[in-house]
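To start, the structure itself, in structure tokens.
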Amino acid sequence: MKKTRTETDHEPAGGQPLRFGTDGWRGVIADTFTFANLERMAQATVRALVATGAPRRVVIGHDRRFMAASHADRVAEVLAGNQFTVLRTDSDLPTPALSGLVVDHNAGCGLMLTASHNPASFGGYKIKSALGGSASPGFTQLIESHLDREKPIRLAAAEARKRGLWHDVGFTAGYVARLGRTVNGDILRDAPRLKIIVDSMHGCGGHLIAEFLDDYGHEVVTLRGDRDVLFGGEGPEPIPQRLDGLRNAVLSENADMGIATDGDADRIAAVDETGRFLSALQITPLLAHDRLNRCEQRGDLARTCANTVLLDRIAAAHDLDCHVFPIGFKHLVPLLEQGRILMGGEESGGIGIAGYLPERDGILIGLLLVEMVAARKLSLSAILAELWLTYGEFHYRRTDLPLSHQRAQDLVERLRDNPPSHLAGVGVTGVDTLDGVKLLLGETGWIMVRPSGTEPVLRLYCEADSPGTVDALLMAMARHMEA
Numbered sequence: 033m034k035k036t037r038t039e040t041d042h043e044p045a046g047g048q049p050l051r052f053g054t055d056g057w058r059g060v061i062a063d064t065f066t067f068a069n070l071e072r073m074a075q076a077t078v079r080a081l082v083a084t085g086a087p088r089r090v091v092i093g094h095d096r097r098f099m100a101a102s103h104a105d106r107v108a109e110v111l112a113g114n115q116f117t118v119l120r121t122d123s124d125l126p127t128p129a130l131s132g133l134v135v136d137h138n139a140g141c142g143l144m145l146t147a148s149h150n151p152a153s154f155g156g157y158k159i160k161s162a163l164g165g166s167a168s169p170g171f172t173q174l175i176e177s178h179l180d181r182e183k184p185i186r187l188a189a190a191e192a193r194k195r196g197l198w199h200d201v202g203f204t205a206g207y208v209a210r211l212g213r214t215v216n217g218d219i220l221r222d223a224p225r226l227k228i229i230v231d232s233m234h235g236c237g238g239h240l241i242a243e244f245l246d247d248y249g250h251e252v253v254t255l256r257g258d259r260d261v262l263f264g265g266e267g268p269e270p271i272p273q274r275l276d277g278l279r280n281a282v283l284s285e286n287a288d289m290g291i292a293t294d295g296d297a298d299r300i301a302a303v304d305e306t307g308r309f310l311s312a313l314q315i316t317p318l319l320a321h322d323r324l325n326r327c328e329q330r331g332d333l334a335r336t337c338a339n340t341v342l343l344d345r346i347a348a349a350h351d352l353d354c355h356v357f358p359i360g361f362k363h364l365v366p367l368l369e370q371g372r373i374l375m376g377g378e379e380s381g382g383i384g385i386a387g388y389l390p391e392r393d394g395i396l397i398g399l400l401l402v403e404m405v406a407a408r409k410l411s412l413s414a415i416l417a418e419l420w421l422t423y424g425e426f427h428y429r430r431t432d433l434p435l436s437h438q439r440a441q442d443l444v445e446r447l448r449d450n451p452p453s454h455l456a457g458v459g460v461t462g463v464d465t466l467d468g469v470k471l472l473l474g475e476t477g478w479i480m481v482r483p484s485g486t487e488p489v490l491r492l493y494c495e496a497d498s499p500g501t502v503d504a505l506l507m508a509m510a511r512h513m514e515a
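Numbering of the sequence shown is given in my numbering, commencing with residue 33 and proceeding in unit increments.
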């Protein structure tokens with residue numbers, strides 16, 4: 033007779049250590065990201081939730097990756113096996129949409145099966161708190177401490193449904209309503225018709241921006257809006273070298289702007305009407321300036337240490353503080369939860385604003401860019417030029433060196449112990465070791481090196497006063513690290 037509730041009878045994947053990185057736990061599918069390891073992680077999550085007295089109700093969803101739905105089902109079976117009520121999303125969805133479901137259903141947490149912007153070979157496991165933001169480092173450490181203390185317990189989905197422990201939930205209506213409460217619909221409705229190109233990179237953003245803006249009379253052309261588990265052969269990360277199609281479409285369609293979201297739609301990049309790529313280091317200060325001036329809102333700003341110095345200048349100009357944190361949006365979440373900041377952003381495209389969830393949302397930020405352009409009745413490039421004229425012009429680029437995590441860590445430690453006095457002819461005026469090693473270059477800018485928390489690469493980040501200086505500094509740093 034078939035069992036419906038079992039203790040898994042396999043050994044826990046050879047005792048592989050499972051660790052949370054910058055944003056959740058990730059691994060290569062069928063290597064470290066396996067059903068066995070998912071069960072271990074889910075059972076440890078159960079024990080952490082019980083230990084903290086969280087509600088025994090959890091939202092579980094997934095992105096568009098290979099096997100993501102099956103991975104989410106397996107996690108749900110472990111939660112149900114431990115007598116938790118599972119709210120299982122009935123389709124793939126953006127991570128911030130899952131965060132909204134957690135809040136709307138008063139759940140103890142949300143579990144999102146996504147590897148975000150990682151290559152197609154990866155799977156991932158993100159945890160959202162009861163408030164909708166990234167789980168705190170303390171909570172993920174608690175989960176790690178409970179790994180393998182007991183064998184995972186599963187309850188088959190069909191039996192869980194019979195017992196009332198498994199419920200299917202949709203996300204679209206609630207998510208669109210939350211977006212509508214945050215974006216100024218009157219401005220969008222009254223503005224001249226805009227043409228927007230959206231590149232969803234085959235991720236969960238899908239056609240959501242198009243569907244939202246269509247109600248306000250704007251034209252949206254969506255690229256790569258459908259599912260492709262290989263993401264066209266490259267990771268769904270909105271970085272310049274992967275957005276040629278978006279840039280070309282903006283120019284050929286004579287569009288007002290382009291918007292790109294990553295694999296789970298919580299990060300954003302943009303392209304202005306001239307085809308120029310805008311990273312978070314332009315988007316975040318653009319919106320901060322807009323919120324503080326046009327919207328007459330007020331509040332401190334926050335950034336990760338690889339985000340732009342423009343945020344510091346904007347804050348200072350308004351007699352506000354700009355709080356600086358290590359890499360990872362999770363470090364900004366408490367300030368959003370406590371209402372202490374107006375906006376916060378990370379360099380990789382995650383941006384959160386007050387009055388919404390304490391969560392980054394690429395779709396929301398894209399819509400706020402559209403609102404800004406509609407309200408100002410200026411092109412995106414003109415608004416950026418205005419920002420640079422006021423606070424200074426800076427350019428940014430990141431490059432990745434494929435290295436093992438240990439090798440990357442060794443190189444960073446070597447740089448920390450012996451930083452150069454000059455790089456590409458620019459004097460080093462200071463060294464910041466908040467996260468990795470950041471060389472301060474006076475008024476010219478900065479360059480930073482750190483191992484990735486999600487991939488086996490060494491990341492080099494640089495912001496400087498011209499694109500040529502950025503390129504020269506990155507080349508010089510790469511040579512210095514490899515010497």
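C-beta atoms are modelled at their ideal positions from N, C-alpha and C, and glycine is treated no differently. Note that the structure is a prediction, hence the values are computed from the model and not measured.
### Query
Do the region 473 to 489 and the region 437 to 446 meet, that is, are 3 or more Cβ pairs less than 8 angstroms apart?
Flag = yes, the region 473 to 489 and the region 437 to 446 touch.
### Task
Could you tell me whether the Cβ atoms of V24 and V82 are closer together than 9 angstroms?
The structure shown does not extend to residue 24, since the chain spans only 33 to 515, so no value can be given for it.
### Query
For A302, which beta-bridge partners are listed by DSSP?
Looking at the DSSP output, A302 shares a beta bridge with I291, L310.
### Query
Does the separation of the CB atoms of A162 and A129 fall below 9 angstroms?
Inclusion of A162 and A129 in the CB contact set at 9 angstroms is not warranted, their separation being larger than that value.
### Message
Please list the terminal residues of the continuous beta strand (DSSP E) segment that includes A334.
### Response
It spans 332 to 336 - the beta strand (DSSP E) in which A334 sits, taken as one unbroken run.
### Task
If I'm right that G394 touches I300 with Cβ under 8 angstroms, what's the distance once you round it to whole angstroms?
Distance from G394 to I300 at the Cβ level is roughly 4 angstroms; contact confirmed, criterion being Cβ atoms closer than 8 angstroms.
### M375: first and last residue of the uninterrupted beta strand (DSSP E) it sits in
Per DSSP, M375 belongs to the beta strand (DSSP E) from 373 to 377.
#### Entry: Collapsed DSSP secondary structure at T66 in the structure displayed
Coil, per DSSP.
### Task
Under 7 angstroms Cβ to Cβ from V208, same chain only, skipping five residues before and after it: list those, please.
Within the same chain, Cβ atoms closer than 7 angstroms to the Cβ of V208 are found at F244, the five residues on either side in sequence being excluded.
### Beta-carbon gap between R323 and M375 smaller than 9 angstroms
Cβ distance < 9 angstroms, so R323 and M375 count as in contact.
### Beta-carbon spacing of S311, G381 below 9 angstroms
For S311 and G381, yes; Cβs fall inside 9 angstroms.
### Query
How is I271 classed by DSSP in three states: helix, strand or coil?
Annotated three-state conformation of I271 is coil, per DSSP.
#### Entry: Euclidean distance between Cα positions of A493 and A504
First, the residue type needs correcting, since residue 493 is Tyr and not Ala in the sequence shown. Those two C-alpha atoms are separated by around 12 angstroms.
### Message
Once the 5 residues before and after L447 are set aside, which same chain residues still bring their CB inside 8 angstroms of it?
### Response
Apart from the 5 residues on each side of it in sequence, L447 sits with its Cβ closer than 8 angstroms to the Cβ of V469, V481, H512, M513 in its chain, given in chain order.
### Task
Look at the Cβ atom of V502, then the Cβ atom of G474, and state whether they are nearer than 9 angstroms.
Their beta carbons are not under 9 angstroms apart, which means V502 does not touch G474 by this criterion.
### Task
Indicate whether T293 and G237 have their beta-carbon atoms separated by less than 9 angstroms.
Against a cut-off of 9 angstroms, the Cβ pair of G237 and T293 comes out as a contact.
### Query
So, is A100 buried or exposed, given that buried needs 16 or more other C-beta atoms within 10 angstroms?
Sixteen is the threshold: when 16 or more other Cβ atoms of the shown chains lie within 10 Å of the Cβ of A100, as they do, the residue is buried.
### Task
Measure the alpha-carbon distance for H42 versus A68 and round it to whole angstroms.
Residue confidence for H42 is low, a pLDDT of 37 falling below 50, so the modelled location carries little weight and cannot support an answer.
### Message
Using a Cβ-Cβ cutoff of less than 6 angstroms, which residues in the same chain neighbour H199 once the five nearest sequence positions on both sides are dropped?
### Response
Once the five neighbours on either side are set aside, the close Cβ partners of H199 are L119.
### Message
Just to confirm, is the Cβ distance from V201 to L133 under 9 angstroms?
### Response
Closer than 9 angstroms, so yes.
### Task
Using the Cα positions of R79 and H178, report the straight-line distance between them to the nearest angstrom.
Using only the alpha carbons, I get a separation of about 7 angstroms.
### Task
Can you tell me which of R213, V110, E191, F116 puts its alpha carbon nearest to the alpha carbon of K183?
With respect to the C-alpha of K183, the residue from R213, V110, E191, F116 having the closest C-alpha is V110.
### Query
What number of angstroms, rounded off, separates the C-alpha of M33 from the C-alpha of D122?
Caution is warranted here: a pLDDT of 36 is assigned to M33, below 50, making its placement in the model unreliable, and the coordinate value is therefore given only provisionally. Near 29 angstroms, if we compare the C-alpha coordinates of D122 and M33.
### Query
Ordered along the chain, which non-local residues of its own chain (more than five positions away) have a Cβ less than 6 angstroms from that of M509?
Result list for M509: I479, L492, in chain order.
### Cα-Cα separation between N280 and V253, rounded to whole angstroms
Distance between the alpha carbons of N280 and V253 is about 13 angstroms.
### Query
Residues in its own chain within less than 8 angstroms of R326 by CB, not counting five upstream and five downstream?
Answer for R326: M404, A407, R408, listed in chain order.
### Query
Nearest to R308 by CA position, among L506, A320, G277, is which residue?
Closest by alpha carbon: G277.
### Task
Can you grab the Cα-Cα spacing for the pair V460 / F357, in whole Å?
C-alpha separation (whole angstroms): 22 angstroms.
### Task
Identify every run of the alpha helix (DSSP H) within the region 164 to 227, keeping only runs that are complete inside it and at least 4 residues long; order them along the chain.
Counting only runs of 4 or more, we get 169 to 178, 189 to 194, 204 to 214, 217 to 222.
### Task
Mind the definition here: the region 396 to 403 touches the region 181 to 196 only if three or more C-beta pairs lie below 8 angstroms; say whether that holds.
The region 396 to 403 vs the region 181 to 196: no contact.
### Exposure label - N286; buried when at least 16 CB within 10 Å
So N286 counts as exposed.
### Message
Considering only their Cβ atoms, is the gap separating I383 from H355 smaller than 9 angstroms?
### Response
No, the Cβ-Cβ distance between H355 and I383 is not below 9 angstroms.
### Message
I want to know whether the region 385 to 392 touches the region 264 to 278 - three or more CB-CB distances under 8 angstroms.
### Response
The region 385 to 392 makes no contact with the region 264 to 278; the number of CB pairs closer than 8 angstroms stays below 3.
### Query
Comparing alpha-carbon positions, which option in I92, A86, V107, D95 lies nearest T66?
Sorting I92, A86, V107, D95 by C-alpha distance to the C-alpha of T66 places V107 at the top.
### Message
So, at 7 angstroms on beta carbons, what are the nonlocal neighbours of Q48 in its own chain, with the 5 sequence-adjacent residues on each side left out?
### Response
Excluding residues within five positions, the ones whose Cβ falls inside 7 angstroms are T64, N69.
#### Entry: DSSP-derived helix/strand/coil call for T117
Strand, per DSSP.
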